[in-house]
Structures are given as C-alpha cells and as structure tokens.
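Here my numbering is used: the first residue of the sequence shown is 1031, the next is one more, and so on.
C-beta atoms are modelled at their ideal positions from N, C-alpha and C, and glycine is treated no differently.
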Amino acid sequence: MRFADLISLLGLIQGILLSAVILRADKPRRPTLLLGLFILTLSLRILPFLLYRLPLGASFPVVRWLPLYFWYASLPLLYLYIKRLTGRLCWHRDWQHLIPGMVEFLVLSGVLYAEITHEEPLWGSGDVQLFLTLYFLLAIGPALLYGYLILALLKRSHSGITQYYSNLVGKDLVWLKVSVVYLIAFAVLYSFLRFGPVPVSLDAIAIFGAIANTTAVYYLTIHGLRQFALHDTEFLRHEPPPGPKEATPIKEPEEEPALFATVDNYVRRQRPYLDPQLTIADLSEALQISERNLSRIINSGSDHHFNAYINRYRVDYAVALLQDEAYDHYNLAGIADESGFNNKATFYQAFKRCGYESPGMVRKLRSHDSKVI
C-alpha cells in the first residue's frame, strides 16, 4: 500500500469513528444527528477514490461509481444542523434541501447497478473520468450557494444571539463560520490542484485531501460535542412573539426614554448582570416588558444591543473590584467570575471594547497611583 493510500485509509477510519461518536451523542439539548451525518458524508467521500487506487480497483473499476461522494448532500446537512441549533428547522418545509443529495445518490446507484449487471463495461475509462470530472465541477456551484446560505444564516443568528444572551460563550457559533470558510477554501484549493494548469501528482493530492478532510472532521467533532441548542427565542426565529402581557405597554415612541430610565435604574440597583446566565427573557420577566420591546428600549436608550449593554455594567463592576484593595487577593479569573463573566477571553474582550487596555492594566495603574500618593 502506498503512503498516500495509507493516509487516506487512516483518515477514513477516523472519520467514521468520530461520526459514530457524534451520532451517539445526539440529545434534545445537544442535537448532533445532522452534524454526525454531515461528518459521515465528508469521511465516506474518500472511499471510492481509495478503493479505485488500491489493487481492488484494477479488478473492479466499477468501485468508482459507489454513491458515496455526497457533493450535493454535505453542506445542506450542515445548513439544516444550524437551523436545528437555532430553532428554525421545520422538516415539513426544509426536507426539500435534501432532494439534490437524494437524486445524486439514486443516479449513481443506478449507474453502479447497471455496470454490475452488464457483462461489458458500459463506459470507457476516459468517459468515466470525464463524467466524474464534470460531476465534481458542477457540484461547486451548489456548494458555494449553500456556503453563502450558511454564512447568511449565521449572520442573522448572531444578531439575534446578541439581543438575547448576556454571555456568548458556546452560543455565538463562530466555530461553524470557521468550518464553512475552511471547507470552501479546501474545495477551491483541491479543485486547483486537481484540475489547474500546474500538474500535481495524484499521491500529493490524495495526501492533501486526506489530511485536510481529517482536520475538518476533528474540528467539527470537538466543537459539535460542546455545542448545545440555543433557546427557542423570537430573536433567532425572527418571528413576532406572542409575548407576555405587559404591565407597562408601549404606546408611543416618546415613552421609550422614560422606560429606558426605568430599565437602567433596575439594572444599576438590582445588578442582574452579575448572573452569568442572564438573558433578556429574565429581564423581561422581572420588568414585565416583552422581550422584543425591551430589546428596542435598550437599543434606543443605550445605542447598544443587550449583550453589549450588560457587559458594560459588568466591566464597570469589575473595574470597581480591581480598584478595591479588599479584592487584591483575587486573580483576574476570580474578578471575572465575580463580575458576571463566565469566560476569561470574553472578560478581556469586553474591557477592550469599553476602552480599557486590559484588566491587569487597570489594577496596575491603581497600584501606581497609590504609590504616587
């Protein structure tokens, strides 16, 4: 077995095992079924190429027709997975995204069956290679389309997430954006190596494809196991909510400044921002204002979405602790926890967005000022 084939085989085995792990981990709070199927399609794609390159392929060239390429099924599965995470999936409507993949599977299965049952090969080797090349190149268009749809869906979801959650750790879905950009870049580079003007050996292409594919599978598996479904909220679905009946309904836009003062006064006095799991639903229930109206009040009154508004208070509280000698025995992670942050990286990012160099610099400047005085 050639080294390139060994690398491809190892990548295939790891991909199948990891997809099994993801599929087994599927739960209502951590819906990984569609992600597992997506990873499985990425992994099985290697199999027809690998079998054809092995001695088996010389005896049974029909293995090239195995319906395991999934060029038209992979990204639609990822698209549906993201819709499932964000509460937008409706199988009554969204199953149609799987039709191209079903047609692809049935067509290749039909060709495979015809080749197996026919005594003589129906297609010459050159014809098969031409068909598979065109088949791959034609699949680039739908792949780019679904890449765009996924990125657009993630962008819309991010807007809703920042309006609902006060902490974005495990909720901002950045890893999915990274995955899509990586897969599109991989497909473009693979196409250039395979069909570009610069001749590249098939062994080098096989090694590149196997390593890049395995890297994507590991990345998706690790983050997929950590990702929980987001709350089924109007901000993700972009649908008008029924909402609770408000004690203080908004009748005119002119009322919003007064209502923001009420909201802001509650936040300053009650300090709900110290709860790292705070959502706009919690604040909505406490103030008896619907989530949608409360979001609009905060946006217009503070010029920030809910996440940035709450994190501004958390930063102010953290600055007060950093300037208090009584908290000198707390490290920065402890200060972050006390201030309502559940992640140190988010803690530092929030400080920078609020105009501070870093939390450590705030404490250092306070110590310097004390020595000067």
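Mind checking residue i: buried by the 16 CB within 10 Å criterion, or exposed?
i, result
"Val1345", "buried"
"His1335", "buried"
"Lys1201", "buried"
"Thr1147", "exposed"
"Glu1315", "exposed"
"Gly1045", "buried"
"Pro1227", "exposed"
"Ser1139", "exposed"
"Arg1075", "buried"
"Tyr1339", "buried"
"Arg1114", "buried"
"Phe1377", "buried"
"Pro1274", "Low local confidence applies: a pLDDT of 43 at Pro1274 is under 50, so the model's placement there is unreliable, and no value is given."
"Trp1121", "exposed"
"Lys1394", "exposed"
"Tyr1178", "exposed"
"Ser1221", "exposed"
"Gly1291", "Strictly speaking, residue 1291 in this sequence is Ala, with Gly absent from that position. Ala1291 comes out exposed."
"Ala1182", "exposed"
"Phe1033", "exposed"
"Leu1160", "exposed"
"Phe1090", "exposed"
"Gly1131", "buried"
"Ile1112", "buried"
May I ask you to list the residues that DSSP assigns as paired with residue i?
i, result
"Tyr1195", "Thr1309"
Here's a check: name, in chain order, each residue in its chain whose Cβ is nearer than 8 Å to the Cβ of residue i, leaving out the five neighbours to either side.
i, result
"Thr1163", "Phe1225"
"Ala1144", "Leu1152"
"Tyr1360", "Leu1351 and Glu1368"
"Ala1311", "Tyr1194, His1261, Thr1263 and Glu1321"
"Leu1198", "Ile1191, Thr1192, Asn1337 and Thr1376"
With respect to the alpha helix (DSSP H) encompassing residue i, which residues constitute its N-terminal and C-terminal limits?
i, result
"Thr1147", "Ile1129 to Thr1147"
"His1253", "Leu1232 to Arg1256"
"Leu1213", "Val1204 to Phe1225"
"Asn1329", "Glu1321 to Ser1332"
"Trp1121", "Trp1121 to Asp1124"
"Ala1380", "Lys1374 to Arg1383"
"Lys1113", "Ser1104 to Leu1115"
"Leu996", "The question about residue 996 has no answer, for the chain in this structure spans 1031 to 1403."
"Phe1079", "Ile1076 to Arg1083"
"Asp1056", "From DSSP, Asp1056 is part of no alpha helix (DSSP H); its letter is neither H nor E."
"Arg1118", "Segment: none, Arg1118 is in no alpha helix (DSSP H) and carries neither H nor E."
"Arg1342", "Phe1336 to Leu1352"
"Asn1295", "Glu1286 to Gln1300"
"Glu1368", "Leu1362 to Glu1368"
Which residues in the same chain have their Cβ closer than 7 Å to the Cβ of residue i, if we skip the five residues on either side of it in sequence?
i, result
"Thr1245", "none"
"Leu1317", "Val1293, Tyr1296 and Leu1324"
"Phe1424", "The structure shown does not extend to residue 1424, since the chain is modelled only from 1031 to 1403, so the question has no answer here."
"Val1158", "Arg1094"
"Val1349", "Val1392"
"Leu1223", "Val1230, Ile1235 and Phe1238"
"Ala1055", "Thr1062 and Leu1255"
"Thr1166", "The sequence as given places Phe at residue 1166; Thr does not occur at that position. Correct list, in chain order: Trp1101."
"Asn1372", "Asn1197, Val1199 and Pro1306"
"Leu1042", "Ser1073, Ile1076, Leu1077 and Leu1080"
Closer than 6 Å by C-beta to residue i: which residues in its own chain qualify, once you throw out the five before and the five after it? Chain order, please.
i, result
"Arg1060", "Phe1258"
"Ala1366", "Lys1374 and Phe1377"
"Ser1330", "Glu1286"
"Leu1053", "Gly1066"
"Gly1385", "none"
"Gln1353", "Arg1396"
Thinking C-alpha only, which one of the options is nearest residue i?
i, options, result
"Ile1180", "Ile1214, Val1158, Val1093 and Leu1152", "Ile1214"
"Pro1106", "Leu1119, Ile1328 and Ala1050", "Leu1119"
"Arg1342", "Gln1379, Phe1238 and Val1093", "Gln1379"
"Ala1036", "Ala1169, Arg1083, Pro1151 and Val1204", "A quick correction: the sequence has Leu, not Ala, at residue 1036. Answer by Cα proximity: Arg1083."
"Thr1062", "Ala1375, Gly1254 and Gln1307", "Gly1254"
"Leu1077", "Pro1097, Ala1173, Tyr1143 and Arg1383", "Pro1097"
"Ser1189", "Val1204, Tyr1176, Leu1175 and Tyr1178", "Val1204"
"Tyr1102", "Leu1042, Ala1050, Pro1172 and Phe1371", "Pro1172"
"Val1051", "Ser1038, Ile1069, Phe1290 and Leu1039", "Ile1069"
"Leu1362", "Leu1260, Ser1388 and Cys1384", "Ser1388"
"Tyr1212", "Asn1243, Trp1125 and His1127", "Asn1243"
"Ala1088", "Gly1066, Ser1155 and Phe1381", "Ser1155"
"Leu1289", "Tyr1248, Leu1250, Gln1307 and Ser1332", "Ser1332"
"Tyr1357", "Ile1327, Arg1396 and Lys1382", "Arg1396"
"Lys1185", "Ala1169, Ile1170, Leu1206 and Leu1174", "Leu1206"
"Leu1168", "Ala1217, Tyr1249 and Leu1108", "Ala1217"
"Val1141", "Leu1081, Val1092 and Ile1129", "Val1092"
Any heavy atom of the ligand HEM within a distance shorter than 7 Å of the CB on residue i?
i, result
"Ala1215", "No copy of the ligand HEM occurs in the structure displayed, which carries no ligand at all."
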